[in-house]
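For reference, each letter of the sequence shown is one residue, going 2 to 129 in the numbering used here.
Inspection log for the structure reproduced underneath, given as structure tokens.
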Amino acid sequence: MDCGRQLLPRPPVLIISPFGGFSFLAMKNPESLLGVIASTKIEIARHQEILDRLMEDLALMYTTGDLDDLKDDDGNLSAHGIKVSRCTRTSWQYSNAVKELQQLEQFEGVATKRETEYWRVTLPKAEF
């Protein structure tokens with residue numbers, strides 16, 4: 002029986018998987034969904050700033066030898082089951098001749114294209 006009351010929107014239910022994942026159920030309001038995404042991105046950014054500072058501290062302690070007791074023969078760190086390895090990513094920068102050849106192969110259809118789809122979330126600019 003409807004008594005003229007409006008139902009309030011149900012808050013999202015956070016379901017945590019035993020495998021480490023989670024999902025929100027009952028997120029029926031699209032604006033609420035976007036709001037939760039935005040607040041989560043802000044929280045991730047805050048944590049990333051903290052992590053960046055901690056990694057700077059780690060690099061300094063590594064350089065000064067303060068972590069030598071945790072190093073293995075390869076220079077990797079390990080304590081309480083946590084492993085930290087130094088990694089190097091190499092990228093190449095090519096001359097204009099190679100770039101022109103790339104453009105030519107794209108134009109002629111010889112080059113193959115790989116596309117990846119993802120969602121990009123852009124937060125509103127902070128107003129001061």
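Every residue gets a Cβ at the ideal spot worked out from N, C-alpha and C, and that includes glycine.
Leaving out the 5 sequence neighbours to the left and right, which residues in its chain are closer than 8 Å to Pro112 when beta-carbon positions are compared?
As a working mapping, residue 112 is identified with position 111 in the sequence shown. For the record, residue 112 in the displayed sequence is Ala; it is not Pro. Gln103 and Glu106.
Stretch-stretch touch, CB-based, cutoff 8 Å, three pairs: the region 31-46 with the region 118-128:
Touching, yes.
Determine whether the beta carbon atoms of Leu71 and Ala80 lie at a separation below 7 Å.
On the sequence shown, residue 71 is found 70 positions in, with the first residue counted as 1. On the sequence shown, residue 80 is found 79 positions in, with the first residue counted as 1. With a cutoff of 7 Å on beta-carbon distance, Leu71 and Ala80 are scored as near each other.
What residues are listed by DSSP as bridge partners for Val85?
Stepping through the sequence shown from its first residue, residue 85 is reached at position 84. DSSP lists Leu78 as partners of Val85.
Got a sec, what are the start and stop residues for the alpha helix (DSSP H) Gly36 sits in?
In the sequence shown, residue 36 corresponds to position 35, counting from 1. Gly36 -> alpha helix (DSSP H) spans Pro31 to Thr65.
Helix, strand or coil: which one does DSSP assign to Lys114?
For the purposes of this step, residue 114 is taken as the residue at position 113 of the sequence shown. Correct three-state label for Lys114: coil.
What does DSSP give as the partner residues of Lys126 in its beta bridges?
As a first step, residue 126 is located in the sequence shown; it is residue number 125 there, counting from the start. DSSP lists no partner for Lys126.
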